[in-house]
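Per mature numbering (1 follows the signal peptide of the UniProt record, and there is no 0), the sequence shown runs over residues -25 to -1, 1 to 664. Structure first, commentary second.
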Amino acid sequence: MWRKAKRCGLLLSMIFLATSTFQQATANANVNKLVYEVTYATEDLSTPTAWYNSAYLNDPAYKENRFVQYWVETPIAPGGPRDTGFYMVYRDDGLYMFFQSNEQEKDATNKWKNSSIEFFVKYGQGDLPYHQMIFETNDSNVQYYEWQTDYRNNVPLKGNIALDNEELPTGWGSVLFIPWKAAYKYVPLNGEDWEFSMIRWSPSNSPTWGGKVHQVGRFNTLDFQTPTASARLAIQKNVIRQAWEAFNEAIPLLEAKWLNGDAENASFYAEKVQPLITQGQTNGSLIPNLDTLSGAEIDQLYTHIDSWFELSRDVEDNRSEDIVNKLFDEDDDQPPVTEISLNPAHPNGTGGWYVSEVTVDLQATAVANETVSTEYRLNGGNWTVYGGPFAISADGVHTLEYRSADSSGNVEQAKQEVISIDRTSPTALVVYSETAPNQDRVTATMTPSEAVTITNNGGADGYEFLFNGSFNFEFVDVAGNSGTATATVNNIATNSTGVPGKPVLFDDNGQDTGLLDGNYNIKMNQWWGNNGRIYKLYENDTLIDTQILPDHAPQAQSATTTVSGKANGTYRYYAELTNAFGTTRSDEWTVTVSQGAPAKPVLSSNNWDGDGNFNVQMNMWWGMNGTTYRLYENDVLVDERTLVAGTPQAQSAVVEISGKPIGTYEYRGELINAAGSTSSDKIQVQVTK
């Protein structure tokens, strides 16, 4: 009792000292606040040049110039050499402010004379801390001040805001950027208003907008346009990512500070720091899937941004509390601490699921000489006294709560662990498009017992049978349990009684134009016997065509595959015929392409008079045609055109050349088709006048 009285006396004296030295700021009330409408934007406005070149510049819907002389408050008319523009928009990542001046006095270095901006902002309206910044238009530095705040070390703007100054054609311009992470408690997700005031100090005059230094009551209103649903989600995602990044950056710093070999520090880390980290990581478990989450899930994640941003501060609060408890020897007021361990320690399935039963072990620690009892409950049921490790084996998502109490009546706040178990392999029902005897194809479709991912069959849930047989669908559920389902078809009637007869290949290259070009057909004939249902053609051991054929055994079968655009060379082909009894392969067939590329073009010119105006004509007299013609002058492309192919007929093209000065010009033509290209010999044209 004496310890508590001593502590209370000390705390009261500290409070009295703080209140006796605190200066309460006073403000001049001004109900005639000015309002600036802050719209949402998607374009990049991070630099003065971007603003200067945007549609916002000088648009009265966005530009504000309600400035007055600082000392006498005489209005400054818009326009003219003293005009000052002030603009604001907000984007997914934060608030952008653009200050633009038409003052054009230059210094000795021929640059615009320096001005400065004194800017005040409050994240909201009413009795809130305000932040003061002063920056120069010829410098990237920002002087930062903070007033009326309970946390002197809480300077969220410092080190976070960005300033960009540039000389513009009409004067200087500055962009001040406040990222949402610097105002994460006050992001205007629903169009909440902020307040601000500003003063511009210039070489010639000192215009201000509705207030002097520290006249908080004369702040103006920043009226944020309410974001659309999609913009709101984009802002939330941006802030969540920044909070998560800050949280993960703080963890190694905390580890380095507290896990430094000192046993007391290590104990504090285990008891007070690690639980904060673990809880933060649990709260952020969905962040890797942020872009696929629903709006409700993102709203839930957003409730944790304070704890992610403020991890280090929460640790400091815990440390302060720990020191006070030790100073006043009040450990007897501390409840027990219960630690949970699971076996397996981590989910042994996928997606955070266990695929086996989970054994739970609870261990409570309390102050010496205290008797501890622990209890737990599952899924909101009755509390059960813990007597030793127990197993959870039923499928489902289980919420386990646990807590401990000591003999002095100190009760630990209940903790929670979510354990997801799925020990059941998925199954599937297979249905068929046709069960009566038929001579066509049958499609088997599987319907799984739960959400699964099919790992074969290209991920498709349907398999097409062309002849009787079986197929195994393979799949896994979200927990990683695997399953199979077998589809069996035996109702497809067939005329064939054995493997297909041997197919024979031949080609028709050269039969159309007389040229062994790269356009031809590969034809397959199976003259008599058992038919194949599937025909496959391979070129140089690569499958290039698959066709489904009817079974009319013992009649002949045939199939044709069109090949085009082949370059000169030798090509090997073989075919396979497959039915329910097996596969039969043809002998190899070789096709030689020697005239696939265009025939050689010939160039001529009509520059008989030697002036700079003439035609360059291309003729290809007979052979493989090109589909594109290019003309090069001194190895530089000067003309390209599309030609109509009519192999083996002649092709021609005329290119008009004009205005050439005296000199020698070298020309080369080129014909191109899918199989390659062929160049003409070069010709020279002399321009003598």
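In this text, a Cβ means the ideal position worked out from N, Cα and C, and glycines have one as well.
Subject >> Cβ-Cβ separation, G571 to D656 (assumed contact under 8 Å), whole Å >> reply: That pair is no contact at about 21 Å.
**OP:** Pull up the distance between the alpha-carbon of A419 and that of F450, whole angstroms please.
**Re:** 15 Å
**OP:** Return the chain-ordered list of same chain residues with a C-beta closer than 8 Å to the C-beta of T399, the five sequence neighbours on each side being excluded.
**Re:** D370, N456
Subject >> Cut-off 6 Å between Cβ atoms - residues of its own chain near S21, not counting five sequence neighbours on either side >> reply: none
Original post:
To the nearest angstrom, how far is it from the Cα of G598 to the Cα of T622?
Top reply: Roughly 6 Å between the two C-alpha positions.
Original post:
In terms of alpha-carbon separation, which member of T201, S408, E142, Y31 lies closest to N77?
Top reply: Ranking T201, S408, E142, Y31 by Cα distance to N77 puts E142 first.
Subject >> Where Q256 falls: helix, strand or coil (DSSP) >> reply: helix
**OP:** Take G166 and list the residues in its own chain whose beta-carbon comes closer than 6 Å to its own, dropping the five residues that flank it on each side.
**Re:** F199, T201
Original post:
Can you tell me whether Q338 is buried or exposed, with buried defined as 16 or more other CB within 10 angstroms of its CB?
Top reply: exposed
Original post:
What are the boundary residues of the beta strand (DSSP E) that includes I280?
Top reply: Taken as a continuous stretch (DSSP letters only), I280 belongs to no beta strand (DSSP E), being part of the alpha helix (DSSP H) at 280 to 284.
Subject >> Residues of its chain near Q522, where Cβ-Cβ distance is below 7 Å and the 5 sequence neighbours each way are ignored >> reply: Y510, A534
Subject >> DSSP state of G458 mapped onto helix, strand, coil >> reply: Assignment of G458 by DSSP, reduced to helix, strand and coil, places it in the strand class.
Original post:
In chain order, what residues of the same chain lie with their CB nearer than 6 Å to the CB of T463, ignoring the 5 residues before and after it?
Top reply: Excluding residues up to 5 positions away in sequence, S445 lie with their Cβ nearer than 6 Å to the Cβ of T463 in the same chain.
Subject >> Which listed residue (E230, N590, N357) has its alpha carbon closest to that of S627 >> reply: N590
Subject >> Three-pair Cβ contact test at 8 Å for the segment 461 to 479 versus the segment 545 to 561 >> reply: yes
**OP:** Please determine, among S115, E608, D237, the residue with the shortest C-alpha to C-alpha distance to Q659.
**Re:** E608
Original post:
DSSP state of T558, grouped into three classes?
Top reply: strand
**OP:** Determine the direct distance from the alpha carbon of L606 to that of Q217, and round the result to whole angstroms.
**Re:** 57 Å
Original post:
Any idea if D381 is buried or exposed, counting beta-carbon neighbours within 10 angstroms, 16 or more meaning buried?
Top reply: Burial call: buried.
Subject >> Spatial neighbours of L268 in its chain, beta-carbon cut-off 7 Å, leaving aside the 5 residues before and after >> reply: L261
**OP:** Alpha carbon to alpha carbon, how far is Q532 from M499? Give it in angstroms, no decimals.
**Re:** Cα-Cα distance, rounded: 8 Å.
Original post:
DSSP three-state call for Y361: helix, strand or coil?
Top reply: Of the three classes helix, strand and coil, the one that applies to Y361 here is coil, per DSSP.
Original post:
With distances taken between CB atoms, is the gap from D482 to N496 smaller than 8 Å?
Top reply: yes
Subject >> Burial state of V191 (16 or more Cβ within 10 Å) >> reply: Here V191 scores only 44 on pLDDT, less than 50, and its place in the model should not be relied on; the value that follows carries that caveat. That one is buried.
**OP:** With W328 as the anchor, note down where its beta strand (DSSP E) starts and where it stops.
**Re:** Counting along the chain, W328 falls outside any beta strand (DSSP E), and DSSP gives it neither H nor E.
Subject >> Spatial distance of L317 from A209 (CA atoms) >> reply: 37 Å
**OP:** Would you mind giving the Cβ-Cβ distance between V248 and L229, rounded to the nearest angstrom? I have them listed as a contact below 8 Å.
**Re:** 6 Å
Original post:
Residues in its own chain within less than 6 Å of N140 by CB, not counting five upstream and five downstream?
Top reply: The answer, listed in chain order, is T112, S149.
Subject >> Cβ-based neighbour list, F(-4), same chain, cut-off 7 Å, excluding 5 preceding and 5 following >> reply: For F(-4), the predicted model reports a pLDDT of 28, less than 50, meaning its position is unreliable; a value from the coordinates is still stated below. Same-chain partners within the cutoff: there are none.
Original post:
So who's on the other strand from T430, going by DSSP bridges?
Top reply: In DSSP, T430 forms no bridge with anything.
**OP:** Please list, in chain order, all residues of the same chain as A528 whose beta carbon is under 8 Å from its beta carbon, the five residues on each side excluded.
**Re:** T469, N470, S471, T472, G504, N505, N506
**OP:** Express the C-alpha separation of S242 and S379 in angstroms, rounding to a whole number.
**Re:** C-alpha separation (whole angstroms): 20 Å.
Subject >> P154 versus D68 - alpha carbon distance >> reply: 6 Å
Original post:
In the DSSP assignment, what are the bridge partners of residue 702?
Top reply: With the chain covering -25 to 664 only, the question about residue 702 has no answer from this structure.
Original post:
By how many angstroms is the C-alpha of D281 removed from the C-alpha of I92?
Top reply: 31 Å
**OP:** Taking all protein chains shown into account, decide if A271 is buried (16 or more other Cβ within 10 angstroms of its Cβ) or exposed.
**Re:** Per the 10 Å Cβ criterion, exposed.
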